[in-house]
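Here you go:
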C-alpha cells in the first residue's frame, strides 16, 4: 500500500470542490457537536492527517446499529463516512463478498497495525469455544482477538458490544460477552443503545476521525457528550413528574394528557442517553413522546430488569411478581405477629414482675 | 422478688448519642415516608397543568434534605464512636477481642433465654446495650452506610456539588442505576423492621425491668439495681 491520502486529497480525486469540502467540514462539526469557531481545526485536520482506516465487524447482533447509523439525520455525513472517509470493511454493506471481503480487513490489520479503528457490532459468544458465531469458518472470538491486536481504539456499537444485551440475558446460553471483557488492553468507547441513536454514532466516529483522540468518557466508558444525562432529566414530560401527575393506565385521561410515564415503568430516570434531546428519525420523536415508557435499552442488563411496565421491578431471587415492597410488607407482618405473640408470652410469664413493679 | 429494690442512677447515653438518636429517628421516619411515596406515588386523575403544582418535587426535596441531615448526623456519631464513653464507643457494637466476642455471644444467648423465650424470669443486669442489641445496632449502622452510599450514587448525576460525586463509583458496581435504585428501595424495609422491633423492645424492657429504658434516651440516665 502506498501513501495514505488525506480526506481533502481524496475529495479532490473524487472531483469535489473546495466549497463542498468546507461544507462537509461544517457538517462534521455539527454532527460532533463542535462549536463553529472550531471548524477551522477540523478543516486543518482533514487537510493534513491521512485518513484513518476503519473496519466494522458484525458478530451476535441484529444489525439494528447499522440500520440506525445509515439513517442518521445527516445522511450526507453517514454516506461520507461509509463511502468516502475510511470504511474498509463492513460485511453488511460492502460490495465485495467471500474471499475479497475477508481480505479487506486482513489487509488493514496487516498493513496498518496501530493505525486503524475497529468498530464492533454485536456480542461475542464464549461458550463451547465460541462456536455460536462463526464467520468464514472462524469464531467471532478468534476474529475479534486477531483484529483487535493492532487496533488504535475500539468502538463498541450498541448494547450487544457494550454489555451483552438480549443474547446475554439470563441464562445467557451462548455466553454472549461484550468486547471490553475480551479485549482489555485497548481503549474502548462504548456507544450503548438498542440501537444507539444514529447521530450519536456518527458524532462519535467524527470525533475519532477528526481529532484522533478518544472523546471524554464517563465511568463505564461512554462518551460524556451523549451519555452524561438521564433520559428523565431532559424529558419534556419532566414537569408532570415534578407535579406528581402520572399516567395510571395506558388508556386513562392522564395518558391522553401526556403526563409522566413513571408509574408505567418508564426507565427514563435510570437510563443515560440522548433520546430526549436528539430524538430519533431525524428528530421526529422518541419512545416517551410516542406515549411508551423508556425501556432503558442503553443500560446494562436492561433485559433482565423487568417487567418493563412496572416501576417496581421484580426482586432477584424471589421468583416472579415479588417486588421489594411485597417482600417487605410480608416481613413486617411476620415481625409484628411475632411481637404480638411475644407480648402475650410476656404478659403471662412476667406478670408477677410487671405487677409488682407497678404496685410497688 | 424482693419487696424493695434499690436503684442507682447511671449516666449512660451521652448528649451526642441522644441527639443522634432523635435526629436519626426523625430523619428515618421522614425518609421512609417520602421514599415510599417516591417509589409508588398516589394516583390522581387530574386535569391540572404541570406548571400548577410541584408537590412531587417537594417530596423529593424533603427526602434529599432528610438524607443529608442523616448523613451528617451519622458522621458526627461515627466521630463519637472514637471519642465517647464506653457505651458510645465502637467497641460497644463490634467486639474488638476474642474475649469481647465471647462475652457478646454469651449475652446474646442470655437474651434469647431470658427476654425472647422467657425460660428464666429474672431480668439480666446490664448497663449499656446487651449483646444482641449491640449486634442489631451494628447491622443498622451498616444499613445506614449502604443507604448513604447508594442514595448519593443515585443523586450524583443531577448534582453540581462535589460531595455526591465522591459516590459515583458505586453505580457501576451494581450494574446501573436501575439496580442501585432497586436495592436502595429494598433496604427501606430493613429500617421499617428495625423500627417496629426497636420500639417494641424498648417498651418491653421498660415494663419488665423498670430501669428507665425509654426515658434514658431523653435524659441519658438509666437505673441499675444496687447490689
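Chains as they are written, first to last, in our numbering: chain A, 1 to 360; chain B, 1001 to 1227. Virtual Cβ for every residue (Gly too), placed ideally from N, Cα, C.
Near residue i, which residues of its chain fall below 6 Å by C-beta distance, leaving aside the five closest residues on each side in sequence?
i: residue 1221 of chain B; result: 1009, 1011
i: residue 32 of chain A; result: 203, 206, 207
i: residue 108 of chain A; result: 53, 55, 88, 116
i: residue 1124 of chain B; result: 1110, 1114
i: residue 1168 of chain B; result: 1156
i: residue 349 of chain A; result: none
i: residue 1 of chain A; result: Only weak support exists for where residue 1 of chain A lies, its pLDDT of 43 falling under 50; the value from the coordinates is given anyway. Only 111 meet the Cβ criterion.
i: residue 1194 of chain B; result: 1140
i: residue 245 of chain A; result: 259
i: residue 1077 of chain B; result: 1020
i: residue 50 of chain A; result: 4, 6
i: residue 347 of chain A; result: none
i: residue 1212 of chain B; result: 1222, 1223
i: residue 71 of chain A; result: 198
Which residues in chain A sit within 7 Å of residue i, going by Cβ to Cβ distance?
i: residue 1041 of chain B; result: 244, 246, 263
i: residue 1200 of chain B; result: 339
i: residue 1164 of chain B; result: Result: empty, since nearest Cβ-Cβ is about 14 Å, beyond 7 Å.
i: residue 1192 of chain B; result: 328, 332
i: residue 1056 of chain B; result: 241, 242, 243, 244
i: residue 1143 of chain B; result: Correct list: empty, because the minimum Cβ distance to chain A is about 13 Å.
With a threshold of 8 Å on Cβ separation, who are the neighbours of residue i within its own chain once the five nearest residues in sequence on each side are excluded?
i: residue 1002 of chain B; result: With a pLDDT of 48 at residue 1002 of chain B, under the threshold of 50, the modelled position of this residue cannot be trusted, and the question is left open.
i: residue 1006 of chain B; result: 1225, 1226
i: residue 1209 of chain B; result: 1123
Nearest to residue i by CA position, among the options, is which residue?
i: residue 1174 of chain B; options: B:1165, B:1116, B:1184; result: B:1184
i: residue 1051 of chain B; options: A:243, A:174, A:153; result: A:243
i: residue 1102 of chain B; options: B:1177, B:1068, B:1130, B:1187; result: B:1130
i: residue 289 of chain A; options: A:236, A:222, A:174; result: A:236
i: residue 1021 of chain B; options: B:1226, B:1217, B:1199; result: B:1217
i: residue 100 of chain A; options: A:136, A:66, A:129, A:179; result: A:136
i: residue 27 of chain A; options: A:195, A:46, A:355; result: A:46
i: residue 316 of chain A; options: B:1202, B:1069, B:1179; result: B:1179
i: residue 260 of chain A; options: A:272, A:124, A:267, A:247; result: A:247
i: residue 128 of chain A; options: A:121, A:141, A:314; result: A:141
i: residue 106 of chain A; options: A:126, A:125, A:66, A:57; result: A:57
i: residue 34 of chain A; options: A:97, A:226, A:98, A:71; result: A:226
i: residue 171 of chain A; options: A:91, A:238, A:301; result: A:301
i: residue 989 of chain B; options: B:1048, B:1127, B:1189, B:1046; result: The requested residue 989 of chain B is not part of the displayed model; chain B covers only 1001 to 1227.
i: residue 1066 of chain B; options: B:1214, B:1151, B:1204, B:1219; result: B:1151
i: residue 167 of chain A; options: A:355, A:120, A:125; result: A:125
i: residue 343 of chain A; options: B:1170, B:1118, B:1025; result: B:1118
i: residue 1035 of chain B; options: B:1197, B:1126, B:1192, B:1206; result: B:1192
i: residue 152 of chain A; options: A:121, A:114, A:119, A:182; result: A:114
Show which residues of chain A have a CB atom less than 9 Å away from the CB atom of residue i.
i: residue 1208 of chain B; result: 346, 350, 353, 354, 357
i: residue 1053 of chain B; result: 242, 243, 244, 245
i: residue 1121 of chain B; result: 349, 350, 352, 353
For residue i, which residues in chain B fall below 9 Å Cβ to Cβ?
i: residue 317 of chain A; result: The contacting residues do not exist; residue 317 of chain A stays about 11 Å from chain B at best.
i: residue 72 of chain A; result: Here the premise fails: no neighbours, minimum Cβ distance about 26 Å.
i: residue 253 of chain A; result: 1045, 1046, 1047
i: residue 28 of chain A; result: By Cβ distance, chain B contributes nothing, its closest Cβ being about 29 Å from residue 28 of chain A, past 9 Å.
For a contact meaning CB atoms closer than 7 Å, what does residue i contact in chain B?
i: residue 377 of chain A; result: In the structure as shown, chain A starts at 1 and stops at 360, and residue 377 of chain A therefore has no counterpart that could be examined.
i: residue 220 of chain A; result: 1172
i: residue 172 of chain A; result: What residue 172 of chain A touches in chain B: nothing, since even the nearest Cβ is about 14 Å away.
Residues of chain A with CB under 8 Å from residue i, in chain order?
i: residue 1118 of chain B; result: 345, 346, 349, 350
i: residue 1168 of chain B; result: 219
Starting from the C-beta of residue i, find all residues in its chain whose C-beta is less than 7 Å away, skip the five residues before and the five after it, and write them out in chain order.
i: residue 309 of chain A; result: 264, 265
i: residue 1181 of chain B; result: 1154
i: residue 1069 of chain B; result: 1023, 1027
i: residue 178 of chain A; result: 123, 156, 161, 162, 163, 164
List, in order along the chain, the chain B residues whose C-beta lies closer than 8 Å to that of residue i?
i: residue 240 of chain A; result: 1050
i: residue 382 of chain A; result: In this structure chain A extends from 1 to 360, so residue 382 of chain A is not present and cannot be described.
i: residue 335 of chain A; result: 1193, 1196, 1197
Going residue by residue through the region 8 to 51 of chain A, where are the continuous alpha helix (DSSP H) segments of at least 4 residues, counting only ones entirely within it? 18 to 32, 39 to 48
Any chance you could list the beta strand (DSSP E) runs of at least 3 consecutive residues sitting entirely within the region 265 to 352 of chain A, in chain order? none
When the Cβ atoms of the region 274 to 289 of chain A are set against those of the region 215 to 231 of chain A, are three or more pairs found closer than 8 Å? yes
Is the region 12 to 25 of chain A in contact with the region 182 to 189 of chain A, if contact means three or more CB pairs nearer than 8 Å? no
In chain order, what are the residue ranges of uninterrupted alpha helix (DSSP H) at least 4 long that sit wholly in the region 126 to 153 of chain A? 140 to 148
Is the region 1083 to 1093 of chain B close to the region 264 to 282 of chain A, with three or more CB pairs under 8 Å? Verdict: no, contact absent.
Would you call the region 268 to 275 of chain A in contact with the region 293 to 307 of chain A, where contact means no fewer than 3 C-beta pairs closer than 8 Å? yes
Can you confirm whether the region 208 to 216 of chain A touches the region 58 to 67 of chain A when touching is taken to mean that 3 or more C-beta pairs between the two stretches lie within less than 8 Å? The answer is no - the region 208 to 216 of chain A does not touch the region 58 to 67 of chain A, with fewer than three Cβ pairs under 8 Å.
Please give the ranges of any alpha helix (DSSP H) in the region 217 to 257 of chain A, keeping only runs that are unbroken, at least 4 residues long and fully inside the region. 224 to 227, 238 to 242, 253 to 256
Please specify which runs of the beta strand (DSSP E), each continuous and at least 3 residues long, are wholly inside the region 164 to 209 of chain A, giving them in chain order. 188 to 191
Does the pairing of the region 328 to 346 of chain A with the region 1092 to 1102 of chain B give three or more beta-carbon distances under 8 Å? no
What residue ranges within the region 1007 to 1037 of chain B form continuous beta strand (DSSP E) runs of no fewer than 3 residues, ordered along the chain? Secondary structure in the region 1007 to 1037 of chain B: the beta strand (DSSP E) runs of 3 residues or longer, each lying completely within the stretch, are 1007 to 1011 in chain order.
Identify every run of the alpha helix (DSSP H) within the region 95 to 120 of chain A, keeping only runs that are complete inside it and at least 4 residues long; order them along the chain. 98 to 111
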